[in-house]
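Novice:
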Amino acid sequence: MGMFLKNAWYAAAWDHEVTTDKPLARTILNEPLVLFRDTSGRIAALEDRCCHRHLPLSKGKVIGDILQCGYHGLEFDTLGVCVRVPGQTRVPPGSRIRSWPVLERFQFIWVWMGDADKADESLLPNWQVMEDSEWAVVKGDPPFRIPCHYELFNDNLLDLSHLAYVHINNIGTSTVPDFPIVTTKTENTVRMIRWIMDSPPAPLYARFGGFVDNIDRWQYAEAMVPSYNTVRVGCLPAGCGAQPGDHPDDFAVVSGGRDAQGFEFYNLNAITPETENTTWYFYAHSRNFAQDDPNMDEEFSRELRGAFQEDVDILAAQQMNIDRHAHNPKEWIDIRVDGPGLALRRMVADAIASES
Amino acid sequence: MGMFLKNAWYAAAWDHEVTTDKPLARTILNEPLVLFRDTSGRIAALEDRCCHRHLPLSKGKVIGDILQCGYHGLEFDTLGVCVRVPGQTRVPPGSRIRSWPVLERFQFIWVWMGDADKADESLLPNWQVMEDSEWAVVKGDPPFRIPCHYELFNDNLLDLSHLAYVHINNIGTSTVPDFPIVTTKTENTVRMIRWIMDSPPAPLYARFGGFVDNIDRWQYAEAMVPSYNTVRVGCLPAGCGAQPGDHPDDFAVVSGGRDAQGFEFYNLNAITPETENTTWYFYAHSRNFAQDDPNMDEEFSRELRGAFQEDVDILAAQQMNIDRHAHNPKEWIDIRVDGPGLALRRMVADAIASES
Amino acid sequence: MGMFLKNAWYAAAWDHEVTTDKPLARTILNEPLVLFRDTSGRIAALEDRCCHRHLPLSKGKVIGDILQCGYHGLEFDTLGVCVRVPGQTRVPPGSRIRSWPVLERFQFIWVWMGDADKADESLLPNWQVMEDSEWAVVKGDPPFRIPCHYELFNDNLLDLSHLAYVHINNIGTSTVPDFPIVTTKTENTVRMIRWIMDSPPAPLYARFGGFVDNIDRWQYAEAMVPSYNTVRVGCLPAGCGAQPGDHPDDFAVVSGGRDAQGFEFYNLNAITPETENTTWYFYAHSRNFAQDDPNMDEEFSRELRGAFQEDVDILAAQQMNIDRHAHNPKEWIDIRVDGPGLALRRMVADAIASES
């Protein structure tokens with residue numbers, strides 16, 4: 224599990240985390256990065272290391288368009304080139320550090336961790352809903368830092384049967400696993416769809432949607448290589464027009480549910496490996512109800528963060544247990560709901576293999 | 224020091240720690256175990272790992288006679304067999320985890336860490352005194368978790384000369400090392416006996432036994448392979464009939480001392496390796512005075528726990544020092560009082576060698 | 224970076240840290256030592272390990288002229304010879320632990336970590352100023368323990384251009400790196416001299432020296448193999464007679480500055496490796512102003528400790544970054560101010576090489 228896909232965008236930070244005041248340190252794919260924003264608003268992602276005596280540049284200062292080392296004052300531009308050494312006029316040859324391509328999109332800062340000339344904006348997930356005024360967006364901030372391999376989280380997000388056990392007090396109901404899933408794939412995406420018909424609402428659905436009687440509920444989860452996951456879930460009162468569909472195009476149909484007073488929200492999930500055994504978890508949620516109510520922003524955000532904390536606890540325990548059984552490795556037994564997660568693991572493994 | 228005797232009972236928990244409500248996680252001999260009690264009161268010791276995605280089962284729930292995984296709801300019986308997978312009717316072949324033989328005896332839960340068909344109840348220490356109504360028993364709860372190899376603790380309990388240095392403020396007196404010991408052995412036990420005649424009482428003897436003048440004091444310690452230790456200590460006022468004896472059978476004679484108003488208590492010690500460098504320490508004490516006085520239960524328990532904490536501190540420092548000198552290993556110098564501990568080490572080493 | 228010079232004195236403690244009451248544990252060059260003072264005031268530096276069962280002797284007691292083990296009471300003299308084993312009359316052959324030569328000088332306790340017969344007092348730095356009644360001395364106590372290799376600190380003390388970035392709020396000014404340095408060497412010393420003429424005073428110079436207008440400031444740093452560093456800094460109002468000189472002998476000339484009302488202080492720095500990646504930092508400062516003012520002692524000490532804490536933070540971050548880039552080692556780029564530090568590194572490397 225030690226290798227990563229290099230030629231991909233990884234969420235490195237929220238847009239608001241990277242400022243013109245103070246550099247931000249963040250490690251991604253084992254690379255310690257420093258991020259800063261220049262006077263034009265452009266963002267740089269550099270190696271977090273002065274080429275002189277190795278102090279992290281994140282200990283320094285952003286001064287205009289350069290990043291100044293906090294030890295001896297060497298100055299680096301947004302491409303990582305040292306442009307000034309105090310006390311001398313000549314900059315020694317080779318005085319540069321690595322930089323990576325950066326995109327600012329959908330309120331995220333994305334860093335391309337592979338060859339710069341392969342950086343391809345079309346490989347981002349399509350999260351226009353982050354910028355759609357008809358949806359209310361709340362960013363999950365700060366990102367969680369989870370002591371697990373990132374693929375454990377990929378598995379988690381493609382298997383929503385765990386809501387019946389991990390999230391029974393908020394977004395889960397005990398009947399979830401009783402409803403089958405349909406899995407579809409493209410070259411670099413895996414979609415899992417489950418319809419939960421004529422069932423009681425989960426506690427948070429009841430509370431925020433006002434549902435008392437049974438509902439028809441949908442779970443659409445679409446994962447993209449290497450580790451973005453769009454979860455779209457919602458419901459209508461049972462028998463009020465929601466129709467189970469299992470073809471990906473039905474995703475659009477469900478969208479019409481909002482006009483029909485469907486209760487619906489997205490979870491947008493960007494899973495970024497920090498190291499082999501630690502993972503950054505960025506998420507936002509976007510809802511189609513009470514869009515202008517800041518109290519709802521706060522309550523919804525707090526409750527979902529509580530639910531995601533439950534995942535974090537599970538994932539950390541799972542990794543810890545994998546590690547402590549490492550002296551005696553065991554096969555995993557697969558069950559039916561693992562299908563989508565296993566499909567994504569194969570796609571990621573194939574993509575990594577094709578890089579080498 | 225990295226190997227353990229497998230075919231032996233190890234104290235894994237107190238009886239009251241294992242309930243029908245909540246599973247208990249405890250690592251023994253490097254094996255992470257989960258313990259739970261079914262509706263009939265029977266105790267199971269299973270591998271603490273779901274065979275599906277490796278979550279510790281101790282994060283799950285006991286529901287009737289099964290243990291349910293907290294991630295996807297797989298259910299395991301007391302033998303470690305998966306009997307249900309939510310969302311499907313068929314349980315995949317091979318869905319089982321390891322289980323170990325368990326005994327509940329003398330208020331301890333004992334787990335047999337080797338081959339199940341060699342589990343042999345006669346290899347338990349005989350701690351009937353835990354169930355003898357004429358003795359007042361207090362369990363040392365919770366068990367200490369000590370950062371040391373378990374054999375350092377075996378050494379400690381067979382050499383009570385350390386009372387003069389480690390426990391001088393409670394159960395020790397400076398004269399202890401001046402009195403010689405007699406060591407006797409059977410195939411799997413080592414007994415150390417010391418009589419300390421006509422000497423001042425240790426502080427706790429004075430306080431709890433009311434002794435002002437000199438006493439005749441006995442120390443009987445019997446260790447059993449791999450790591451149970453029965454310490455029986457007591458005294459009479461000097462010259463009131465206590466007679467030094469060094470034959471094991473004299474143990475029984477001393478028992479009569481109680482009728483003669485001897486002041487006496489047992490420390491029953493079960494030393495359980497958690498890992499090569501961490502150790503669980505379960506102990507109980509059983510006394511023949513103030514048996515029905517709950518204040519004495521509390522005071523005696525608090526004072527002895529304080530004394531044992533002194534051992535814990537010594538053992539942790541000793542292990543830390545062994546580790547930090549590991550780059551430069553040193554011979555140990557042996558002295559006279561090490562005889563019983565060295566004898567037990569040889570027995571344990573022979574037992575381990577005979578397993579392979 | 225894993226090797227140390229053995230045949231050298233290392234500062235192990237302050238004189239007041241080693242008492243006749245309680246042994247002091249301190250690890251130097253990976254060797255855990257225990258220090259104590261006997262009834263004649265003489266100091267012993269022994270291996271911190273009982274030869275019997277490896278308990279650190281620093282857990283024991285100083286009793287008169289011996290150190291008693293806290294576990295079984297073995298007694299060691301100041302040469303590390305075991306002179307008594309409780310419970311027996313004979314001390315087993317070979318019952319001794321290692322001892323090292325010790326000097327008490329300039330308020331420091333110095334330990335010679337190599338061959339005892341090569342111990343040579345002339346290899347100490349000459350810090351008579353610690354005992355000169357015309358200078359007010361304050362010891363930096365307790366020593367800092369820094370998570371870095373000691374040579375990073377050697378570099379730091381020979382390159383005072385970092386004052387412009389690390390210490391800009393106390394002893395630095397932004398113009399420091401604009402003034403060139405002159406480097407001179409002897410067989411085992413490196414001296415760096417910088418004169419900063421007609422420049423604004425640093426904040427602490429202004430505060431403690433009462434300087435408002437520009438000053439002429441000098442920085443003399445002399446490092447000695449392996450890791451002692453004498454820094455002598457001071458100033459006069461600009462144009463009041465201070466004359467830049469770059470020959471080592473000028474050091475003496477500057478000394479006369481005091482008579483001319485120069486404001487001056489020494490930092491005496493003893494850098495002692497604890498392990499490859501941790502370092503003890505002992506320092507004292509000695510000033511030629513307000514010598515009899517205890518308030519100045521306190522204020523000056525607090526402010527300089529604050530400045531040195533800034534170094535500690537930089538050095539810890541630097542080492543952490545070197546370690547985390549270890550999977551991908553990088554060349555260091557050298558700049559002009561590195562000259563003295565690189566010269567000292569070469570001297571230390573040569574001295575280590577000549578030992579093997």
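Protein chains in written order, with the numbering used here: chain A, 224 to 579; chain B, 224 to 579; chain C, 224 to 579. Note that beta-carbon positions come from the ideal geometry of N, C-alpha and C, so glycine has one too.
Tell me which same chain residues have a C-beta within less than 8 Å of the C-beta of aspartate 482 (chain C), skipping the five on either side of it?
Specialist: With a pLDDT of only 45 at aspartate 482 (chain C), under 50, the local geometry of the prediction cannot be trusted, and the value read off the model is given with reservation. Same-chain partners within the cutoff: there are none.
Novice: Check whether the Cβ of proline 496 (chain C) lies closer than 8 Å to any Cβ atom in chain B.
Specialist: So no, proline 496 (chain C) is outside the interface.
Novice: Can you pull the DSSP bridge partners for glycine 457 (chain C)?
Specialist: BP columns for glycine 457 (chain C) point to C:Trp441 and C:Glu487.
Novice: What does DSSP give as the partner residues of tryptophan 350 (chain B) in its beta bridges?
Specialist: For tryptophan 350 (chain B), which the question treats as bridged, DSSP gives no partner whatsoever.
Novice: Can you pull the chain C neighbours of serine 318 (chain A), defined as C-beta to C-beta under 7 Å?
Specialist: Chain C residues near serine 318 (chain A): Ile556.
Novice: Measuring CB atoms only, is the stretch 361 to 377 of chain B touching the stretch 262 to 270 of chain B, in the sense that at least three cross pairs come out at less than 8 Å?
Specialist: Segments in contact, no.
Novice: Would you verify that the beta carbon of asparagine 452 (chain C) is, or is not, closer than 8 Å to some beta carbon of chain A?
Specialist: No, because no Cβ of chain A sits closer than 8 Å to the Cβ of asparagine 452 (chain C).
Novice: Are the Cβ atoms of isoleucine 332 (chain C) and tyrosine 504 (chain C) separated by less than 8 Å?
Specialist: Contact flag unset, no.
Novice: Grab me the residues of valine 582 (chain C)'s own chain with a C-beta within less than 8 Å of its C-beta, minus the 5 sequence neighbours each way, in chain order.
Specialist: Outside the shown range of chain C, which is 224 to 579, sits residue 582 (chain C), and nothing can be said about it.
Novice: Under 8 Å, with one C-beta from each stretch per pair, do the stretch 321 to 329 of chain C and the stretch 265 to 276 of chain C reach the 3-pair mark?
Specialist: Segments in contact, yes.
Novice: Starting from the C-beta of glycine 480 (chain C), find all residues in its chain whose C-beta is less than 7 Å away, skip the five residues before and the five after it, and write them out in chain order.
Specialist: Its pLDDT being 45, under 50, glycine 480 (chain C) is placed unreliably in this model, and the coordinates cannot settle the point.
Novice: In the structure shown, what three-state DSSP assignment does glutamine 466 (chain A) receive?
Specialist: Residue state, collapsed to three classes: coil.
Novice: Name the chain B residues whose beta carbon is nearer than 8 Å to that of arginine 194 (chain C)?
Specialist: Only positions 224 to 579 of chain C appear in the structure, and residue 194 (chain C) is not among them; the question remains open.
Novice: Going along the chain, which residues of its own chain have a beta-carbon closer than 6 Å to the beta-carbon of lysine 284 (chain B), five neighbours each way excluded?
Specialist: Counting only Cβ-Cβ distances below 6 Å, and skipping sequence neighbours, we find Gln291.
Novice: What residue from B:Pro467, B:Ile545 and B:Val454 has the CA that sits closest to tyrosine 506 (chain B)'s CA?
Specialist: The residue with the shortest Cα to Cα distance from tyrosine 506 (chain B) is B:Val454.
Novice: State yes or no: is the beta carbon of aspartate 421 (chain C) nearer than 8 Å to at least one beta carbon in chain A?
Specialist: Chain A, which has no Cβ nearer than 8 Å to the Cβ of aspartate 421 (chain C), makes this no.
Novice: Answer yes or no: does any C-beta atom of chain B fall closer than 8 Å to that of valine 308 (chain C)?
Specialist: So, interface residue.
Novice: From what residue to what residue does the alpha helix (DSSP H) around phenylalanine 523 (chain B) run?
Specialist: Residues 517 to 547.
Novice: Grab the span of the alpha helix (DSSP H) containing glutamate 254 (chain C) for me, first residue to last.
Specialist: Segment 254 to 260 is the beta strand (DSSP E) holding glutamate 254 (chain C); no alpha helix (DSSP H) there.
Novice: Between the stretch 307 to 317 of chain C and the stretch 409 to 417 of chain B, do at least 3 Cβ pairs fall closer than 8 Å?
Specialist: No: fewer than three Cβ pairs fall under 8 Å.
Novice: Would you give the residue range spanned by the alpha helix (DSSP H) that valine 571 (chain C) belongs to?
Specialist: Residues 562 to 578.
Novice: Starting from the beta carbon of tyrosine 388 (chain A), find every residue of chain B whose beta carbon is closer than 7 Å, and list them in chain order.
Specialist: Under the 7 Å cutoff, chain B gives Gly293, Tyr294, His295 and Gly296.
Novice: Can you tell me which of the three DSSP states lysine 282 (chain B) falls into?
Specialist: Lysine 282 (chain B): helix per DSSP, three-state reduction.
Novice: Which of the residues in the stretch 275 to 291 of chain A, read from start to end, lie with their CB under 7 Å from any CB of chain C?
Specialist: So the list reads His275, Arg276, His277, Leu278, Pro279 and Lys282, given in the order they occur along the chain.
Novice: Just checking, does the stretch 378 to 397 of chain B make contact with the stretch 355 to 366 of chain B on the three C-beta pairs under 8 Å criterion?
Specialist: Too few Cβ pairs lie closer than 8 Å, so no.
Novice: Would a C-beta distance cut-off of 8 Å place alanine 387 (chain B) and valine 405 (chain B) closer than the cut-off?
Specialist: For alanine 387 (chain B) and valine 405 (chain B), no; Cβs fall outside 8 Å.
Novice: In this structure, does DSSP put aspartate 421 (chain C) in helix, strand or coil?
Specialist: In this structure, aspartate 421 (chain C) counts as strand in the three-state DSSP scheme.
Novice: Do alanine 234 (chain A) and threonine 495 (chain A) have their CB atoms nearer than 8 Å?
Specialist: Going by C-beta atoms, alanine 234 (chain A) is nearer than 8 Å to threonine 495 (chain A).
Novice: Using the C-alpha atoms, what's the distance from asparagine 518 (chain C) back to valine 306 (chain C)?
Specialist: Straight-line Cα distance between these residues: approximately 49 Å.
Novice: Taking buried to mean at least 16 other C-beta atoms within 10 Å of its own C-beta, is glutamine 532 (chain B) buried or exposed?
Specialist: Glutamine 532 (chain B) should be labelled exposed.
Novice: Hey, does isoleucine 416 (chain A) have any beta-carbon neighbour from chain B nearer than 8 Å?
Specialist: No, its Cβ sits nowhere closer than 8 Å to a Cβ of chain B.
Novice: I want to see whether chain C comes within less than 8 Å of proline 246 (chain A), judged by CB atoms only; does it?
Specialist: With 8 Å as the cut-off, proline 246 (chain A) does not count as an interface residue toward chain C.
Novice: Taking DSSP as the reference, what is the three-state secondary structure of histidine 385 (chain B)?
Specialist: Note: histidine 385 (chain B) maps to helix in three-state DSSP.
Novice: Check phenylalanine 376 (chain B) in the structure and name its three-state DSSP category.
Specialist: Helix, per DSSP.
Novice: Using a Cβ-Cβ cutoff of 9 Å, what residues of the stretch 350 to 373 of chain B are near chain A? List them in chain order.
Specialist: Listed in sequence order: no entries.
Novice: Less than 8 Å between the C-beta atoms of aspartate 382 (chain C) and glycine 564 (chain C), yes or no?
Specialist: Result yes, Cβ atoms of aspartate 382 (chain C) and glycine 564 (chain C) sit closer than 8 Å.
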